[in-house]
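Visitor: Position 77 of the sequence shown, counting from 1, maps to 975 under this note's numbering, and the rest follow consecutively.
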Amino acid sequence: MPVVVETAADCRQTLEECRLAGRSVGLVPTMGALHAGHVSLMDRARAECGTVAVSIFVNPLQFGDPEDIAHYPRTLDQDLAVCAEAGVDVVFVPSVREMYPEWPAPVATTVSVRGVSDGWEGASRPGHFDGVATVVAKLFAIAGPCRAYFGEKDYQQLAVVRQMVADLSLPVSVIGCPIVREPDGLALSSRNVRLSVAERRAAVVLSGALARGRSLLAQGAGSSTVAEAMRAVVEEEPLVHLDYAVAVGAHDLVAREAIEDPAAVRLLIAADVGPVRLIDNCAGAVMAPATSEPPRAGSAGAHGTGPANGRQLERIG
Ligand code: AMP
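1. Determine, using beta carbons only, whether Arg1154 and Ser1113 come nearer to each other than 8 Å.
2. Out of curiosity, what's the CA-to-CA distance linking Pro971 and Phe990?
3. Taking Pro927 as part of the beta strand (DSSP E), name the residues at either end of that continuous run.
4. Our contact map puts Leu925 next to Ala951 with C-beta atoms below 8 Å; I'd like the distance itself, whole angstroms only.
5. Report the option in Arg1092, Gly1049 and Pro958 whose CA atom is closest to the CA atom of Val1171.
6. Using only the heavy atoms of ligand 1, determine whether one of them is closer than 7 Å to the beta carbon of Pro992.
7. So, is Arg1164 buried or exposed, given that buried needs 16 or more other C-beta atoms within 10 angstroms?
8. Quick check on this structure: which residue in Ala1183, Ser953, Pro1002 and Pro1081 has the alpha carbon closest to the alpha carbon of Ala1046?
9. Considering only residues of the same chain and omitting the five flanking positions on each side of Val1059, which have a CB-CB separation below 8 Å?
10. Let's test the definition: count the other Cβ atoms within 10 Å of the Cβ of Gly1118 and tell me whether it reaches 16, buried, or not, exposed.
11. In the DSSP assignment, find the alpha helix (DSSP H) that holds Asp966 and state where it starts and stops.
12. Output yes or no for whether 8 Å exceeds the beta carbon distance between Pro900 and Leu1037.
13. Can the beta-carbon of Val1144 be found less than 8 Å from the beta-carbon of Ala1116?
14. Classify His1149 as buried or exposed, calling it buried when 16 or more other Cβ atoms lie within 10 Å of its own Cβ.
15. May I ask you to list the residues that DSSP assigns as paired with His1139?
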């Protein structure tokens, strides 16, 4: 069973002792309601690090909509069992008071990452990425030097975290991990449990739209053609209300019309399905079994071949 720590001081000390004992630390930040997508990050951390720590914290600072946080699934007992099964060593489960002692009073010091936070999720959810960057900065400050594992599922979030780490010279290596999908293409998300049967069936149009966009990119289409085609796929499904579907630069997340190299493009999509906001994305061109960064030499093969990784797909739709 993993060690469960609830205070920043205990977490810091536990992970510092691991490093002093010569074990590198892999950190997997989550909001709980763990599923195979989270497990894929734990598997990758297990394969590459001596100690694996998972944080479970539903961060109020990143939720604009009180309904969203009120309904966010919380399944701590189950989550601890998932962590134990995945061979996690340390689970950090802080309270809101531990992370933000004055809450709900505004937090005085926050982190804002300009540029990459501005569009898409940042535009639709004002303040969201400030909340994300702030809590991730705190988790990194608590965990100390580590490798931190994030899913490409939240592609813009990954870009924001990478930018923050570079700009603030934080002693953290950020590892992006591929999206884990259901067999029909829907990206796993803790929010999927809130979909009705009909909404769950309808939600597959997101990955279908991405697949359509990618196939048009392969045929040399420009980004407005790709965006319109993705929109048209979603509009055929009345239960899904599109927010955006765009082709952007894979690094700067800026929309651009002329596309010279589909591999340098990322397709992003977001929609409301019933009460739930869903996001998804994919690379502009299919690459070899996708990872943002190859596993370190000597670490591949021993781990990370479980069922979750078997579902890591660049296949969509
Ligand atoms: P969350 O608990 O939703 O904040 O997610 C915690 C981490 O798990 C984030 O880095 C997410 O990008 C990642 N994650 C969530 N869903 C998936 C998925 N389907 N595949 C891969 N990673 C995921």
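The beta carbon of each residue, even a glycine, is placed where N, CA and C say it ideally should be.
Guide: Per the coordinate set shown:
1. no
2. 18 Å
3. Val923 to Thr928
4. 5 Å
5. Arg1092
6. no
7. buried
8. Ser953
9. Val1030, Ala1031, Val1034, Ala1046, Phe1048 and Val1072
10. exposed
11. Pro964 to His969
12. no
13. no
14. exposed
15. Asp1170
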